Every structure is written in structure tokens, then in C-alpha cells.
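Structure, as C-alpha cells:
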Amino acid sequence: MSAFSEAALEKKLLELSNSQQSVQTLSLWLIHHRKHSKIIVLVWHRELRKAKPNRKLTFLYLANDVIQNSKKKGPEFTKDFAPVLVDAFSHVSSESDENCKKHLERVLAIWQERMVYENDFIDQLKHLLSEKKAKKRTFEQIQEEDDDYLSNTTPKEAPETEELIKALQELENAASGDAAVRQKIASLPPEVQDVSLLDKITDKESADRLSRTVDEACMLLADYNGRLAAELEDRKQLARMLADYVRIQKEILAEKEHKLEVRNSSFFFPTCSFFVLRHPII
Numbered sequence: 001m002s003a004f005s006e007a008a009l010e011k012k013l014l015e016l017s018n019s020q021q022s023v024q025t026l027s028l029w030l031i032h033h034r035k036h037s038k039i040i041v042l043v044w045h046r047e048l049r050k051a052k053p054n055r056k057l058t059f060l061y062l063a064n065d066v067i068q069n070s071k072k073k074g075p076e077f078t079k080d081f082a083p084v085l086v087d088a089f090s091h092v093s094s095e096s097d098e099n100c101k102k103h104l105e106r107v108l109a110i111w112q113e114r115m116v117y118e119n120d121f122i123d124q125l126k127h128l129l130s131e132k133k134a135k136k137r138t139f140e141q142i143q144e145e146d147d148d149y150l151s152n153t154t155p156k157e158a159p160e161t162e163e164l165i166k167a168l169q170e171l172e173n174a175a176s177g178d179a180a181v182r183q184k185i186a187s188l189p190p191e192v193q194d195v196s197l198l199d200k201i202t203d204k205e206s207a208d209r210l211s212r213t214v215d216e217a218c219m220l221l222a223d224y225n226g227r228l229a230a231e232l233e234d235r236k237q238l239a240r241m242l243a244d245y246v247r248i249q250k251e252i253l254a255e256k257e258h259k260l261e262v263r264n265s266s267f268f269f270p271t272c273s274f275f276v277l278r279h280p281i282i
């Protein structure tokens with residue numbers, strides 16, 4: 001087989017088609033060069049995001065073929081693909097139609113059946129596929145939808161004030177506000193994200209040290225991405241809670257205003273009657 005290089009991999013990914021033969025041929029080449037698994041995954045992920053929407057599914061088919069067929073020879077690809085799969089599935093799902101998502105669901109079902117990854121991880125990927133793709137909206141549409149949000153919300157029991165306060169307080173420690181983790185990510189060495197700098201490595205000790213750094217960076221980013229996804233769900237839930245709370249408060253206010261109006265009316269009419277009785281018309 002031809003020698004491995006980043007340029008050669010980029011060229012092969014560019015020429016990759018959705019035919020089974022094309023996917024399997026490149027898969028065999030990648031497995032043959034599995035000692036470069038970390039670089040392969042980094043380049044695959046980068047080129048996936050650059051690919052046209054109609055080619056992204058093929059990239060995931062390639063990853064599936066490599067992951068499953070390389071297991072007998074070693075865990076390298078199963079391990080190295082894991083940290084980028086969350087972003088990959090999220091990215092492809094956001095730019096795909098329902099038919100494409102069905103193909104991805106089939107891949108995940110096979111992984112679950114063959115225990116390629118832990119169930120919790122596969123469930124996380126399934127959740128990404130079930131999320132609805134956000135439609136682009138004009139500023140006027142956003143304003144209109146925001147104004148109509150309360151009136152269109154399905155009536156639910158409003159949350160208690162204490163429950164709402166607790167949910168708001170919990171978001172104070174959310175992932176997006178974790179300055180320490182963000183600083184760690186910003187401080188990662190450039191070699192972690194720029195594979196062209198790998199040429200500067202001249203000895204095994206440096207390579208092993210960088211390998212450990214990359215592993216730690218992948219775990220850090222995977223964990224942070226998971227926390228950000230959870231925060232997004234928490235914020236969506238809080239938005240629903242706030243909408244229900246505001247709706248109920250408006251209903252309570254309207255009811256009290258109505259009672260006050262009735263009460264004021266009851267004070268007015270007896271006074272008029274008393275005035276008429278004390279001053280009869282002759």
C-alpha cells in the first residue's frame with residue numbers, strides 16, 4: 001500500500017465517493033496505517049466539517065467501517081474517534097434531512113448491538129439526531145415569535161417561585177461560565193490542533209509526551225462539550241418554566257384586577273341608592 005502522509009489522506013478523502021467499494025478501499029488503507037490513528041482522526045474530522053452536505057454521510061460511513069473492522073487489530077480507532085464523534089454527529093445532523101438521519105440511526109443501532117461503544121455514549125449520539133434543526137429566521141420573525149411565545153405555549157402547571165430561583169442559581173455554575181476550563185482549552189499547545197507541527201517531533205519521548213497531551217485534550221473537550229449540551233437543555237427547560245410562570249402570574253393579576261373592579265362597582269352602586277332614598281324625587 002502507498003505510504004501515509006497527511007496530504008495523501010486529504011487527497012483520498014477528497015476523492016471518496018459514496019460507493020461501498022470506495023469506502024471499504026479507503027478504510028483498509030487507514031487500518032493499515034493505524035499507527036497514525038490520531039492524525040487520521042484529526043484530519044478526518046477537519047475534512048468532514050469542510051465537506052459539502054451531500055458528502056458528510058459518506059465520511060461517517062467511512063468512520064463506521066474503520067471503527068468496526070479495526071477492532072480485531074487494536075482499539076486505536078475506537079478510542080481515538082470517540083472524542084470527535086459527538087461533534088461530528090451534531091454537525092452532520094444539523095445539515096442533513098430526515099432520510100440521512102435514518103441512516104445514522106441505523107449505524108448507531110449496529111454499534112449498540114455489537115457493543116462498539118457504551119450505551120450511554122450511543123444514547124448521547126442518538127439524542128443529537130433527535131434534535132430539531134434550527135431554521136434561519138429574520139429579525140422580524142424572531143420578534144414576532146418571541147411576542148407570541150407565551151400565548152402559544154401549551155398550558156402547564158406553573159413552577160413554584162423557589163423552584164424557579166433554584167434553576168436560575170444552578171445556571172450560575174454552568175459550563176459556559178467555567179473560566180477555569182476555558183482557560184485550560186485556550187492554553188492547549190498548538191500541536192494539539194495543528195497537525196502540521198507534528199513534523200517537528202524528532203524522538204519517541206516527545207511523541208509519547210504529545211500523545212498523552214492529545215489524549216488529555218480530547219477528554220477535556222469531550223467532557224466540556226457534554227456539559228455545554230446539558231447546559232443548553234437546562235436553559236431550554238428554564239425558558240419553558242419562565243414562560244409558564246409569567247403566564248400564570250398574568251392570569252392571577254387579571255383575576256385580581258377583575259375582583260377589584262367588581263368590588264369597586266359594589267361600593268359605587270349602594271351609595272347611589274342611599275342618595276336616592278335620602279333625597280326622593282317629588
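Heads up: the sequence shown at position 90 corresponds to 90 in full-length UniProt numbering, and the numbers run straight through without jumps.
Note that CB positions come from ideal geometry on N, CA and C, so glycine has one too.
For clarity, every value in this text was computed on a predicted model and none was experimentally measured.
Same chain only: Cβ atoms within 7 Å of residue i, ignoring 5 sequence neighbours per side
i          : result
residue 9  : 40 and 43
residue 22 : 16
Spatially closest choice to residue i from the options, by CA coordinates
i           : options              : result
residue 7   : 68, 196 and 266      : 196
residue 49  : 5, 94 and 245        : 94
residue 55  : 100, 68 and 27       : 100
residue 104 : 204, 62 and 120      : 62
residue 220 : 207, 205, 182 and 18 : 182
residue 81  : 179, 117 and 208     : 117
residue 53  : 250, 97 and 198      : 97
residue 177 : 51, 201 and 232      : 232
residue 45  : 88, 111 and 261      : 88
residue 166 : 3, 251 and 234       : 234
Proximity of residue i and residue j at Cβ, strictly below 7 Å
i           : j           : result
residue 128 : residue 175 : no
residue 47  : residue 13  : yes
residue 66  : residue 125 : no
residue 107 : residue 64  : yes
residue 83  : residue 230 : no
residue 58  : residue 119 : no
Limits of the unbroken alpha helix (DSSP H) element including residue i
i           : result
residue 81  : 76–94
residue 120 : 119–130
residue 13  : 6–15
residue 34  : First-last for residue 34: undefined, no H or E at that position.
residue 72  : Residue 72 -> no alpha helix (DSSP H), and no H or E assigned at all.
residue 185 : 179–186
residue 168 : 161–170
residue 112 : 98–113
Close-in-space but distant-in-sequence residues of the same chain around residue i (CB under 6 Å, 5 per side omitted)
i           : result
residue 90  : 128
residue 77  : 37, 66, 67 and 70
residue 284 : Outside the modelled stretch of the chain, which goes from 1 to 282, sits residue 284, for which no answer is possible.
Neighbour flag for residue i against chain E, beta carbons, 7 Å
i           : result
residue 119 : The structure shown contains no chain E; it holds only a single protein chain.
Same chain, Cβ closer than 8 Å to residue i, five either side skipped, listed in chain order
i           : result
residue 198 : 39, 191 and 210
Just checking, does the stretch 158–173 make contact with the stretch 186–202 on the three C-beta pairs under 8 Å criterion? no
Do the stretch 56–76 and the stretch 26–35 make contact, defined as three or more Cβ pairs closer than 8 Å? yes
Would the stretch 235–245 count as touching the stretch 165–174 if we require 3 or more Cβ pairs under 8 Å? yes
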